[in-house]
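Just below is one structure, and these are the notes that go with it.
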Amino acid sequence: MKKWPRIIIIAGVVGLALAFALGQLLPNLRTKTSGIEVDITDAQLIKKGEYIARTADCIACHTVLGGEDFAGGLPMLTPLGAIYSTNITPDKETGIGNYSFDDFNNATKHGVRKDKSALYPAMPYPSYQIMPDEDVAAMYAYFMSGVKAVKQANKTSELPPVLNWRWPLAYWQAIFAPERTFVPETDDPVLTRGQYLVEGPGHCGSCHTERGIGFQEVALSNADSEQYLSGAVIDGWRAKSLRGEHHGLGTWSTAELVDFFKTGRTDITAAFGAMAEVVEDSTQYMTEEDLYAMSAYLKTLSPTPGEPVTIVAKEDVTTQKLLDGVYDSRGSILYAEYCQICHRADGKGVPRIFPALEGNSAVYSRDADSVLQITLSGGRMPDTPHDRMAFTMPEFINLSDADIAEVVNYIRNSWTNSASKIDIDDVVQMRHFLSKKPKTATDVAPDLSITAAVQGANRE
Amino acid sequence: MNKSLFNLASVASSTSRRMTLTVLATAVYALALSGCDSPKPVERNATKYELVTTDDANEDIGTYVLPQDTSILNEPNAEQIFYGKRLLNETKRLLPEHVGAAMNCNSCHISQGKIPLGDPYINSYNFYPRVMPRSGKEVDLEGRINGCFMRSMNGKPLPRESEEMQAMVAYMKWLSQSTPKNQKVAISNAGEVDTSLVADTARGEQIYYAQCATCHGDNGEGMKDSRGDIVFPPLWGDESFNIGAGMARTYKAAAFVKYNMPMGIQTKGLWGHGNVLTDQDAVDVSEFFAHKPRPDFPGKVNDWPTGNKPKDARY
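Residue numbers (the numbering used here), protein chains in the order written: chain H, 63 to 522; chain R, 3 to 317.
Here's what the structure looks like:
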C-alpha cells in the first residue's frame with residue numbers, strides 16, 4: 063500500500079532533477095559564438111547603434127519615469143506578480159559592463175543571459191532574433207560607449223517560489239521561440255526593409271499580436287499566420303489590429319501612418335498610452351525612408367480573416383441632437399458636460415489638438431479597454447519637435463463607474479460609430495487595474511516651464 | 003477480520019469524505035471571501051466646498067456639493083436650465099444677433115462656470131445685485147450678464163425678461179444649489195498675480211508663440227471647428243473682445259491665464275488646464291495679447307465714475 067506513493071515521489075524527484083539538468087543545458091544550445099570583434103570606440107558604429115537601439119525601443123522598458131536612461135526597474139505586471147526590467151547600462155557591477163559582444167548578442171537575440179540562464183519572454187528576443195549580428199554589434203558599441211553607466215541594482219521579481227524558477231523558461235524558449243531567420247515576403251527592397259523593421263527590431267507583435275496559452279505571440283511573422291498583428295489587449299490598452307480590415311488599418315493611408323509615427327498624431331487621431339511611448343521614444347527618431355518602409359509594409363497586410371474590409375457608415379443623428387440640446391440619454395448629458403468642449407458636437411475634435419471620437423478606429427474597436435483607460439486616467443500625446451505642443455486628456459477618475467460606462471457606450475455608439483456595449487463591471491475592473499499600474503511618461507503633463515517653452519519657440 | 007477491515011475502510015472513507023467536505027467548504031469560504039475583496043463600483047467623487055456666511059468668512063456652516071448636469075433632470079424647470087447652459091456654452095451660435103465677437107460666455111467661464119479661479123458662476127446668483135466699482139452703481143445679475151455681452155462678446159444686451167436671459171439666470175440659480183442669500187461658497191473667482199510686476203512684451207510674444215498660438219493662432223485669430231463654431235476664441239482683431247472687457251486689462255488677464263491656460267496640458271482638472279506659467283510669464287504674455295488691436299467700447303465714458311480706475315484700465 064505504501065510503496066506506490068514512494069515510487070511516485072521518487073519518480074517525481076528524479077524527473078524534476080532530470081528536467082532541471084536538461085533545463086540547465088538547453089540555453090547552451092541557443093547561444094552562439096560569433097567571432098565578431100566590435101570596436102566599441104568607433105564613433106560611426108556607436109552612432110549607428112544608437113539609431114538601431116531607437117528602432118528597437120530598448121529605452122521604453124529599460125527606463126522608469128524619472129529614472130536614469132537604461133537603468134531598468136520598470137515593473138511588468140503579471141497575474142502572479144511583477145517582474146522588473148534590468149539595468150542595461152555599462153556599469154560593471156549592476157549593469158552589463160562585463161558582457162562580451164557574444165554575451166550581449168545571446169541575450170538580445172536568443173534570450174540567454176551571461177550566466178546561461180533564460181530570460182523572461184517580456185524581453186522580445188523572439189522578434190530581435192532576426193536582427194543581423196552586425197546591427198547588434200553596433201548596438202553593443204552604443205551600449206558600451208554611448209550610454210552612461212548607472213549603478214543601480216536590479217530588482218528581484220515578485221513571482222512566488224517555484225514560479226520564480228528560471229530553468230523552466232528554457233523549455234518555453236525551446237517550444238515557443240525556436241530558431242528563425244528573416245524571410246522577405248517580396249523582392250521589393252522598401253517593403254523588405256519595412257517588413258524587417260516591423261518584424262524584428264520594431265517588435266510590433268509584442269503588443270499587436272495575440273498571445274497564446276504560453277504567453278507566446280501566436281505568430282511572429284505574416285508568413286506564420288494571418289493572426290500576426292491582428293490586435294491584442296495588453297496592459298489595459300487595446301493594441302489595434304494593423305491588418306487591412308476596417309477596424310485595423312483599412313481606413314489609414316500610408317501617408318497618415320508616416321505622419322503618425324513621426325509626430326504621434328494625424329488630423330483625426332493621436333497616439334495614446336503605450337503607443338504614445340513608442341512614438342516618443344522610438345519612431346519619431348526614425349528616418350523618413352524607414353517610416354515610409356514600415357507604413358508601406360503594414361498596408362500590404364491582408365485583412366484579418368472574418369473581419370469586414372469596409373463597413374457601411376451609420377447615419378449620424380448625434381451631431382444635430384447635441385446642437386439642438388436634445389439630450390435623450392444620460393450618456394448625452396455627460397458628453398455635453400465633460401467631453402463636447404474639446405471633442406465637439408460632431409465628435410470630430412480639433413485636428414492635431416483634440417482627437418476625433420467619430421470615425422476613430424481606436425474608439426469603436428471591439429474591445430473598449432483603451433477608451434476606458436484613457437477616460438479614467440487621462441494621458442498625453444507624444445511630445446515631438448513636429449508640433450509646438452503636446453496636449454493631454456484629463457483624467458475623469460471622479461466620475462462614478464456607472465457614468466463612465468454610460469459615456470463610453472455613448473461615444474462608441476454615436477455619430478457613425480457602432481461598437482459593443484460595456485457594462486459597469488468593465489469599469490470597475492479597469493479602475494482596479496489602474497490603481498496598481500505604474501505611471502509612464504505620457505501619463506504626465508509636459509514640462510511647460512519657461513525653459514521648455516523657449517525650446518518650444520526655437521523649434522520653429 | 004474482514005468486518006474490521008471493512009470498518010476501517012469505512013472509517014477511512016468517511017474521514018476522507020469529511021476531509022473533502024472540509025476542503026470544499028474552505029474553498030467556498032475562500033471564494034466568498036475573495037468575492038468580498040473584489041472591487042465594487044464607485045460612486046461619483048463630487049467636488050465639495052465649504053459654505054461661509056457673507057459676513058464672516060471663517061464661520062464654517064456647511065458644505066456645497068458641485069452638481070453634475072445629470073441632476074438638472076430632477077428640477078421642475080430642467081428644460082430652462084439646460085437651455086441656459088447651452089446659451090452659456092454656445093452663445094455665438096445661438097445668439098448671433100447679440101454676440102459681435104467670436105466668443106461664448108464659457109470661452110472664459112471654464113467648464114461651464116464650475117471651476118474656482120476660472121470665473122465660476124457658483125456664487126453669481128447670490129452675489130448680485132451689488133454696487134460695482136466699474137459702474138459706480140448697483141448692478142443685478144441680468145445687468146452683469148449684459149455687461150459681458152457688451153464688452154467681452156462685443157455685442158448687444160439681451161432684454162432682461164427675455165427667455166434667453168432668464169434661462170441663463172436659471173442655470174446660475176441651479177448651480178448655486180439653493181445656497182441661502184446670506185451665505186457664499188468659499189471659493190475665489192480669480193487667482194492672484196503680483197500686480198507690481200512690469201511686463202516684458204518681447205518675452206510675452208515668445209511665450210505666446212510657444213504656448214498659446216497652437217490654439218489661438220499665430221495672428222490671434224482663434225480657431226473654429228469643422229462646423230465653423232468657436233473652439234478657441236480670437237485674442238485680438240475685429241472678432242475679439244473689446245477694450246471694455248476685463249480680459250483687455252493686463253493683470254486681470256494674467257490672473258486668468260496663469261490659472262486656466264493653456265487647456266489640455268494637465269491630466270488633472272476638468273479641462274486639464276493651467277498652472278504652468280509663473281506670475282511674470284502670465285503678466286508678460288497677457289500684456290502682449292491684451293494690447294493688440296481690438297474693437298473699441300463705446301460705453302467706456304461711463305466707467306469708473308467715482309474714480310479708483312485700476313492701473314491696467316485701457317481708457
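Beta carbons: idealized from backbone N, C-alpha and C, even for Gly.
In this structure, Tyr354 (chain H) sits away from His265 (chain H), with a CB-CB distance that is not shorter than 9 Å.
Residue state for Arg132 (chain R) is assigned as strand, using DSSP reduced to three classes.
Each residue's CA atom was taken as its position, placing Gly149 (chain R) and Met134 (chain R) some 12 Å apart. For Lys294 (chain R), no Cβ of chain H is located within less than 9 Å of the residue's own Cβ. Where Ala301 (chain H) is concerned, there is no enclosing alpha helix (DSSP H), although the beta strand (DSSP E) around it starts and stops at 299 to 301. The DSSP assignment places 187 to 190, 195 to 207 as complete runs of the alpha helix (DSSP H) inside the region 178 to 221 of chain H, in order along the chain (cut-off: 4 residues). In terms of CA proximity to Asp431 (chain H), H:Asn471 leads the group H:Gln402, H:Ala211, H:Asn471. By the criterion of a C-beta distance shorter than 7 Å, Ile98 (chain H) is surrounded in its chain by Phe163, Asp195, Ala199, once the five residues flanking it on both sides are discounted. With respect to chain H, the C-beta atom of Met167 (chain R) has no partner C-beta closer than 9 Å. For Asp202 (chain R), the CB contacts under 6 Å within the same chain, skipping 5 residues up- and downstream, are Asp286 in chain order. For the pair Val195 (chain R) and Ala211 (chain H), the Cα-to-Cα distance works out to about 44 Å. Within chain H, the C-beta atoms nearer than 9 Å to that of Tyr85 (chain R) come from Gly387, in chain order. Within its own chain, the residues whose Cβ lies closer than 7 Å to the Cβ of Gly64 (chain R), once the five positions on either side in sequence are excluded, are Leu53, listed in chain order. The continuous alpha helix (DSSP H) containing Leu434 (chain H) extends over residues 431 to 439.
Among the CB atoms of chain H, one or more fall inside 9 Å of the CB of Arg229 (chain R).
For the pair Ala103 (chain R) and Pro300 (chain R), the CB atoms are not nearer than the 9 Å cut-off. If only complete runs of 4 or more residues are kept, the region 143 to 174 of chain H shows the alpha helix (DSSP H) at 163 to 172, in order along the chain. For Met451 (chain H), the secondary structure class from DSSP, reduced to helix, strand or coil, is coil. For the 9 Å CB-CB criterion, Trp234 (chain H) and Pro183 (chain H) form a contact. As a beta-bridge residue in DSSP terms, Tyr66 (chain R) pairs with R:Tyr51. Asp352 (chain H) and Leu259 (chain H) do touch by the CB rule: their CB atoms are close to 6 Å apart, below 8 Å. At a Cβ-Cβ threshold of 9 Å, Cys214 (chain R) and Pro295 (chain R) do not count as neighbours. Under the three-state reduction of DSSP output, Phe258 (chain R) falls in the helix class. Distance check between Met155 (chain R) and each of R:Gly193, R:Leu90, R:Leu279, R:Glu207 places R:Leu90 closest, using alpha-carbon atoms only. Here DSSP, grouped into helix, strand and coil, assigns Glu140 (chain R) to strand. Glu279 (chain H) sits in a strand when the DSSP states are folded into three classes. Put simply, the CB of Leu272 (chain R) is near chain H, with a gap under 9 Å to one of its CB atoms. For Ile245 (chain R), the CB contacts under 8 Å within the same chain, skipping 5 residues up- and downstream, are Arg296, Pro297, Asp298, Phe299, Lys302, Arg316, Tyr317 in chain order. Apart from the 5 residues on each side of it in sequence, Ser219 (chain H) sits with its Cβ closer than 6 Å to the Cβ of Ile145, Asn226 in its chain, given in chain order.
Per DSSP, the unbroken alpha helix (DSSP H) holding Met174 (chain R) starts and ends at 165 to 178.
In the displayed model, Phe416 (chain H) falls within a strand according to three-state DSSP. About 14 Å separates the CB atoms of Met451 (chain H) and Ala338 (chain H); that is not less than 8 Å, and the two are not in contact. Ser40, Pro41, Lys42, Pro43, Val44, Glu45, Arg46, Asn47, Ala48, Thr49: these are the residues of the region 39 to 51 of chain R whose beta carbon lies less than 9 Å from some beta carbon of chain H, given in chain order. Contact check for Val469 (chain H) against Gly421 (chain H) fails: the beta carbons are separated by 9 Å or more.
Check the Cα spacing between Ile117 (chain R) and each of R:Asp314, R:Asp283, R:Leu272: the tightest is with R:Leu272. For the C-beta of Cys404 (chain H), the chain R residues within less than 7 Å are, from N- to C-terminus, Gly266.
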